[in-house]
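Scroll down for the structure; my scribbles are underneath it.
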Amino acid sequence: MKWEPVIGIEVHVELDTDSKMFCGCRVSFGDPPNTHVCPVCLALPGSLPVPNRKAIERIIRLGLALNCRINPGSVFHRKNYYYADLPKNYQISQYDVPVCVDGWLDVESDESRFRVGIERVHMEEDTGKSVHVGEGGRIHSAAETLVDFNRAGTPLVEIVSRPDLRSAADARTYAQELRAVVVETGVSDARMERGSIRFDANVSIRPEGSPELGVKVEIKNMNSFRSLEKAIRSEIERQTALVATGERVVMETRHWDEEGEVTHGMRTKEGSSDYRYFTEPDLAPMVFDGSWVEEARSHLPELPALRRDRYRGMGVKPAAARVLASSDPQLRSLFEEAVESGADAVAAGNWVTGEVTASLRRREVSLEDVPLRGGQIAALTRLVSEGRVSASAAREVLEGVMDGEGSPSEVATRRNLLQLSDRAALEEVVEEVMAANPEAVERYRSGEGKVRGFLVGQVMRATSGRADPRAVNEILSARL
Amino acid sequence: MPSGPLSIGAAGAALRSGEATAVELLAAVMSRAEMTESELHCYLNLDREGAMAAARQADRELDRGEDRGPLHGIPVAVKDNMCTRGLETTCSSKILAGYRPPYDATAVARLREAGAVIVGKTNLDEFAMGSSTENSAYGPTRNPWDTGRVPGGSSGGSAAAVAAGSAIAALGSDTGGSIRQPASLCGVVGMKPTYGLVSRYGLVAFASSLDQIGPLTRTVGDAALLLSAVAGHDPADATSYAGRAPDFAGSLDRGVDGLRLGVVKELGGDGYQPDVSEATEEMLNKLAAQGAEVMEVSLPLFDVALSAYYLIAPAECSANLARFDGMRYGLSIKGSTASATMAGTRAEGFGPEVTRRILLGTYALSAGYFDAFYGQAQRVRSLLQAEFDEAYRKVDVLVSPTSPTTAFRLGERTQDPLAMYMSDICTIPSNLSGHPAISVPIGLDSKHLPIGFQVMAPALGEQVMMAVAAEVERLAGFDALPPPALAPPPGVPL
Chain A
2 MKWEPVIGIE VHVELDTDSK MFCGCRVSFG DPPNTHVCPV CLALPGSLPV
52 PNRKAIERII RLGLALNCRI NPGSVFHRKN YYYADLPKNY QISQYDVPVC
102 VDGWLDVESD ESRFRVGIER VHMEEDTGKS VHVGEGGRIH SAAETLVDFN
152 RAGTPLVEIV SRPDLRSAAD ARTYAQELRA VVVETGVSDA RMERGSIRFD
202 ANVSIRPEGS PELGVKVEIK NMNSFRSLEK AIRSEIERQT ALVATGERVV
252 METRHWDEEG EVTHGMRTKE GSSDYRYFTE PDLAPMVFDG SWVEEARSHL
302 PELPALRRDR YRGMGVKPAA ARVLASSDPQ LRSLFEEAVE SGADAVAAGN
352 WVTGEVTASL RRREVSLEDV PLRGGQIAAL TRLVSEGRVS ASAAREVLEG
402 VMDGEGSPSE VATRRNLLQL SDRAALEEVV EEVMAANPEA VERYRSGEGK
452 VRGFLVGQVM RATSGRADPR AVNEILSARL
Chain B
2 MPSGPLSIGA AGAALRSGEA TAVELLAAVM SRAEMTESEL HCYLNLDREG
52 AMAAARQADR ELDRGEDRGP LHGIPVAVKD NMCTRGLETT CSSKILAGYR
102 PPYDATAVAR LREAGAVIVG KTNLDEFAMG SSTENSAYGP TRNPWDTGRV
152 PGGSSGGSAA AVAAGSAIAA LGSDTGGSIR QPASLCGVVG MKPTYGLVSR
202 YGLVAFASSL DQIGPLTRTV GDAALLLSAV AGHDPADATS YAGRAPDFAG
252 SLDRGVDGLR LGVVKELGGD GYQPDVSEAT EEMLNKLAAQ GAEVMEVSLP
302 LFDVALSAYY LIAPAECSAN LARFDGMRYG LSIKGSTASA TMAGTRAEGF
352 GPEVTRRILL GTYALSAGYF DAFYGQAQRV RSLLQAEFDE AYRKVDVLVS
402 PTSPTTAFRL GERTQDPLAM YMSDICTIPS NLSGHPAISV PIGLDSKHLP
452 IGFQVMAPAL GEQVMMAVAA EVERLAGFDA LPPPALAPPP GVPL
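Chains A and B are the protein sequences, given in the same order. The opening position of the first sequence corresponds to residue 2 in my numbering, with each subsequent residue numbered one higher. The opening position of the second sequence corresponds to residue 2 in my numbering, with each subsequent residue numbered one higher.
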């Protein structure tokens, strides 16, 4: 039997607000432990939460970017469980009336284009961080566990996809696209290495063609897009192997082991845990009138999917459009300036995603560190299309511009890179070459065709490679 | 010098006429405490130094003419479930033994702002769960009218302190009757304001959707003064009422002429102590004679309000008390793992009634039981609110006894939780609806124990409620005092 994987992704994103979700403490990263805490985020007796309006504005903006419906009213719930890094021993989260529901995200890769349904986007708060110290420093071998509450109460958004994904690669592409949207909307810097965006995957398999869903396994602890893809692939293999031997997949949570490249089951029966959700009595229901939503909509930037379409509409090839659309904003505006200054979109796209990006990487600098502007890209593409510099010389011109030597034509002139296409001057050189190589001329005229290449080479050599090869050939043909 | 026990109004007048100083008022109250505490145990903690410093400051300010208003220099007690900066706050629980909050509850901060002198922290049923103050980990408070009897609860320490004169006024909290029922049993005035009128910030939560801070005082007028000092919007409490607080003391003498009083049919009859019913009846006749239109009103859901309450309140408490886990503050019984520490701390730190309610609430919220218990209770709550709204289309206020009985004996109901829960049958509906209600003493029963009369009003209907309460107070002319050994002193010994 052939098995089809069914995958859904849950994403947690910490919002880039100044203050925490329910108190005035600063949202921070990397500061000394427990320096951004107060009675509210430490859950001291008697303290009460007050919602952060900025965070609510941001989740609405993100929901709109994910084509969600914004519920006219939304309610906070308490999710009850005991854990040392959860100060109240309940998390303020959302249950049956989240802020955003029923959206989608269009995703594309080299292989496919597809749409992933978004079930819900809801608001909650982050926990503190357990720090395992002493001995091995790992959860099971640590001598002691300390808790840093700086992170406790950071606004956290959870984005739950529908189980629309069918391969590990698609899941990765979706995750990358979602991160791009998060960054683009400005709600979070979504830095995986800091844990400000975190991905969990729900994976099940079913006989191909079956409409029913199999038993799902949640996998956690993937800290890169690569490990997300690998973990899902490994889990699909594990499940397929299980059912092949007649065993059953059990509902559970598994941890991805980055070094071992396998998932490990956790002993706790999380699948059956009961969070005893109930309405958070400390917070009144939220009511969003139209102006909230319109305000959020007015802050929506152009999103990657639309930008890809726009670039394609300008004539950029799909792969380059994809790279450009998700590249950093400075590179995109370099490209757009170049096109506005008259550059051909295809050529400008190739330059920006190719040579410019490569050179920046070689130099280990960012675009703002070099004096390169869109108008110069446009001038460079013109030099090439008019045949005034060769393709290889053009790369050198770009380096010169990036080194601050002036405009592309100034660099080409100064570095002697302009092609000789002045007919009279070229004819003179050809004459000289023919005069200096009478033997070769004779052999060519007697039918030895390949000698022509030698003569062209001699012309190029005499002009230090600047002669326009097309013009040289034409003149040679006439003379010979 | 005023004679008789001092009200806020009388004490304030004495301060401003130069008859007394804030330090002398405090000394009088403290000496009452010295005399009565061994018998009554109203206080968990008397803040002698802090109170003296505050009284001295009040005297200095008043001397300079910097008058902060009616509470300036007045000794006030605070129930020990409200945070006081640097001053131990235990909620009468072992789990918070020695805990000193780093901040003041908003109500406490507003008392200080108004110049009040905070005498100390009063005893309560652990985490405000109970109706007799017997569920305190630090021993019960006794009723000044009969020390073999309970003062009611959970604000029993505050009620008994005001009755005994070891405070001129006190703050309590009321989740199901915890201000009004002890006020009734101790012969003082106790009021639960509209939900949201007084900030809950710094009040250690029992049941967040029901908890409300309010005054326990000698007079209705005092209740209005104390409420005015602490009420008003607080940005730190997202459920705090955003509008301006009404002028509670403004219309106390309007009388009851032309007002429609609804007598709640379901709060009376079988199970009510006969002399409580008689006193209530007599007061209704007096009110009618003053021009009130008295009519019977039926609110059938009052019969199930108690059941709904005992699902909602425990459910909320099961989450609210989850934070007491030995990880960050209070008692910590170290175990071999974090969860063993949490479990050990909670098993050791909570008393039996708190444990019972946490278990009840956890069960009521569990998957598979939620709809039958918590969900059903919330539906009853909405229907009850609708029933109240319907009643308030016909009447201006609702009236009833505050408690079916007068003070009962210590130990009488401790083995029978249901009998104990019945003590709050008259007070619980107003918590479920979020409406204001007040208890005013109207007389004594055959055993010389106080009887309370309850006036309930619609949301933010404090003004009309206080006007009716003031008229009840005037008509009752209640000036009886506890037995001489425990009665408040006549005025201030100068």
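We put the CB at the ideal spot given by N, CA and C, even for glycine.
Within chain B, the residues placing a beta-carbon under 8 Å from that of A/Asn81 are Ser319, Ala320, Ala323 and Leu366, ordered along the chain. When B/Val118, B/Ser137 and B/Leu482 are compared, the shortest CA-CA separation from B/Asp126 is found for B/Ser137.
Counting only the Cα atoms, B/Asp276 lies some 59 Å from A/Ile71. Not flagged as an interface residue toward chain B: A/Asn224, since no C-beta distance is shorter than 8 Å. Nearest Cα to A/Gly118 within the set A/Leu179, A/Ile60 and A/Val148: A/Leu179.
Distance from the CA of A/Gly47 to the CA of A/Arg167, rounded to the nearest whole angstrom, comes to 48 Å. Annotation: A/Pro6 to A/Val204 spans about 7 Å, alpha carbon to alpha carbon. Only Ala85, Pro88, Lys89, Asn90 and Tyr91 from the region 85–116 of chain A bring a Cβ to less than 8 Å from some Cβ of chain B. Contact note: A/Asp283 reaches chain B through Ser209, Ala239 and Thr240, using a C-beta cutoff of 7 Å and chain order. Rounded to whole angstroms, the separation of the alpha carbons of A/Ala349 and A/Val430 is 35 Å. Counting every other CB atom within 10 Å of its CB across the protein chains shown gives A/Ser292 a total below 16, marking it as exposed.
Sequence-ordered contacts of the region 22–53 of chain A with chain B read Pro40, Leu43, Ala44, Leu45, Pro46, Gly47, Ser48, Leu49, Pro50, Val51 and Pro52 [C-beta pairs closer than 8 Å]. Contact check for B/Ala293 and B/Leu253: beta-carbon distance about 16 Å, past the 8 Å limit, so the pair fails to qualify. Residues of chain A with a Cβ closer than 9 Å to the Cβ of B/Gly203 are, in chain order, Pro40, Pro46, Gly47, Ser48 and Leu49.
Counting along the chain, no alpha helix (DSSP H) covers A/Lys217, and no H or E run does either.
Put simply, the CB of A/Asp290 is far from chain B, with every gap to its CB atoms at 8 Å or more. A straight line joining the alpha-carbon of B/Asp258 with that of B/Asp397 spans about 12 Å. Counting C-beta pairs closer than 8 Å gives three or more between the region 180–199 of chain A and the region 293–307 of chain A, which meets the contact rule. Taken in chain order, the unbroken stretches of alpha helix (DSSP H) that lie wholly in the region 264–334 of chain A and span 4 residues or more are 291–299, 305–314 and 319–326.
Proximity of A/Arg277 to chain B, defined by a Cβ-Cβ separation below 8 Å, is satisfied.
Within the region 104–136 of chain A, the runs of beta strand (DSSP E) at least 3 residues long that lie entirely inside it are, in chain order, 114–126 and 130–134. For the pair B/Ser179 and B/Gly153, the Cα-to-Cα distance works out to about 8 Å. Look at B/Arg329: its C-beta is under 8 Å from a C-beta on chain A. The three-state secondary structure of A/Leu67, taken from DSSP, is coil. Here DSSP, grouped into helix, strand and coil, assigns A/Val244 to helix. Where B/Asp276 is concerned, the enclosing alpha helix (DSSP H) starts and stops at Pro275 to Ala290.
Under DSSP, no beta-bridge partner is assigned to B/Phe374. A buried status is given to B/Val77, since no fewer than 16 other beta-carbon atoms sit within 10 Å of its beta-carbon. The count of Cβ pairs closer than 8 Å, one atom from the region 435–450 of chain B and one from the region 369–379 of chain B, stays below three, leaving the stretches out of contact. By the Cβ-count criterion, B/His42 is buried, with 16 or more other Cβ atoms from all chains shown falling within 10 Å of its own Cβ. Cα atoms of A/Ser29 and A/Asn35: separation of roughly 11 Å, rounded to the nearest angstrom. Beta-bridge pairing by DSSP links B/Ile439 to B/Met192 and B/Val456. Rounded to whole angstroms, the separation of the alpha carbons of B/Val120 and B/Val190 is 19 Å. In the DSSP assignment, A/Gln177 falls within the alpha helix (DSSP H) that extends over Ala169 to Glu185. Against A/Thr146, the close residues of chain B are Ala339, in the order they occur along the chain (beta-carbon pairs closer than 9 Å).
When A/Ser110, A/Pro286, A/Lys221 and A/Leu243 are compared, the shortest CA-CA separation from A/Gln177 is found for A/Ser110.
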